[in-house]
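Note that my numbering has the sequence shown beginning at -9, numbered continuously upward. First comes the structure, then the notes that go with it.
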Amino acid sequence: MHLFKKRELSGYMTVEASFIVPAATFIMAFIIYLAFWFYGRCILSQDVYILGFRAELLSKEQGYASETEYITDNAGKKLGTRYFAADKPDISASKASDKIKVEGSFLTKTNGLFRYFKSLPSSFRGSAVATVKLRDPSGKLRKYKRIKDIAKKAINKSDKREDS
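Set out below in structure tokens:
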């Protein structure tokens, strides 16, 4: 009985690892880069909607001539520094009849692990669009309340006529 067997390794593990390790590293790096892009895309989508809704509600109160002017002035404050591994987004706004359209786009620069993986793109572009319908909620509430008051007065007058 031999306590120590003589083992010879043929080197197949080294060859397999030379293919598997770079492939696994590439996949992990790509997933991380996509996570940066998705994060930026979600934050941008939220920011353009918030800018549109705030423009609808606050632009007249704060003395702006139009909603688009409010958006261009306040975009920098709203965007902040939350865009990880990306440039600050470009925001544009347009107004057509009763709608505000807010568009934003950003660029995530990845540099593909210093170009070690040539197939990874060097940047990802993300964009988001929000369309906000202009409504006058306070004006509609005042109108509803006024109609309700007029209806109450009309009902009270008709009840008094029937009583007499």
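For each residue, glycine too, the CB sits at the ideal point set by N, CA and C.
- A direct Cα-to-Cα measurement between Ala13 and Tyr73 gives close to 28 Å.
- Thr98 is bridged by DSSP to Ala76, Phe114.
- Burial check for Glu46: the Cβ neighbour count within 10 Å reaches 16 or more, so the residue is buried.
- Taking the Cα positions, Lys143 is about 55 Å away from Pro79.
- Take Ala118, set aside five residues on each side of it, and the residues of its chain with a beta-carbon closer than 7 Å to its own are Arg31, Leu34, Ser35, Val38, Gly94, in chain order.
- Rounded to the nearest angstrom, the gap between the Cα atoms of Ile145 and Tyr134 is 17 Å.
- If you look at Tyr60, you'll find it in the alpha helix (DSSP H) that goes 57 to 69.
- A Cβ-Cβ separation of about 7 Å places Val122 in contact with Lys89 under the 8 Å criterion.
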